[in-house]
Amino acid sequence: MLGLNHYSNTTGEDMALGDPIQVRLSPEKQALLEDEAARKGKRLATYLRELLESENDLQGELAALRREVVSLHHVIEDLADTGLRSDQSGPGQNAVQIETLLLLRAIAGPERMKPVKGELKRLGIEVWTPEGKED
404 MLGLNHYSNT TGEDMALGDP IQVRLSPEKQ ALLEDEAARK GKRLATYLRE LLESENDLQG
464 ELAALRREVV SLHHVIEDLA DTGLRSDQSG PGQNAVQIET LLLLRAIAGP ERMKPVKGEL
524 KRLGIEVWTP EGKED
């Protein structure tokens with residue numbers, strides 16, 4: 404059983420810590436964690452506490468990223484709706500959309516485009532190509 408507490412360090416940071424807790428680990432896992440802590444020049448308890456605290460930070464960052472993705476999704480939907488309602492047609496008006504489309508197609512490559520084009524056709528949406536030519 405591994406006790407997570409500080410014995411020798413009495414800094415102000417330690418004063419703010421709660422009661423020590425004990426965690427049961429397999430001997431192999433404990434040895435692995437002790438090695439990782441030693442490589443970072445930290446005591447095992449300090450290393451584990453920082454690891455757990457960083458996990459909380461990571462969860463917060465992931466939640467923020469999820470919120471940002473949802474927000475961007477809404478923006479894209481709004482832009483798509485605006486584009487569908489727009490009576491302005493022509494490359495000058497849609498330059499950003501065309502550039503984005505071409506960049507995404509370049510990233511995806513031709514093999515990934517086949518199912519996308521098939522889905523667009525199934526939905527009855529015309530596949531955009533330069534000068535109206537389909538590749």
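Each residue of the sequence shown is one higher than the last, beginning at 404 in the numbering used here. No residue lacks a Cβ here, since even glycine has one placed at the ideal position from N, Cα and C.
Indicate whether Lys517 and Val530 have their beta-carbon atoms separated by less than 7 Å.
no
What's the call for Ala419, buried or exposed, on a 16-neighbour Cβ count within 10 Å?
exposed
Separation of Ala440 from Leu428, as counted between CA atoms
15 Å
On the three-state DSSP scale, how would you describe Ile501?
helix
Same chain, Cβ closer than 6 Å to Tyr410, five either side skipped, listed in chain order
At Tyr410, the pLDDT of 43 sits below 50, so the modelled position is not reliable; the number obtained from the coordinates is stated separately. So the list is empty, once near-sequence residues are dropped.
Chain-order list of residues whose beta-carbon lies under 8 Å from that of Tyr450 (same chain, five-residue window excluded):
Leu436, Glu439, Ala440, Lys443
Please state the DSSP three-state secondary structure of Val426.
strand
Would you kindly work out how many angstroms separate the C-alpha atoms of His477 and Glu456, rounded to a whole number?
32 Å
Do you know how far the Cα of Arg469 is from the Cα of Glu453?
24 Å
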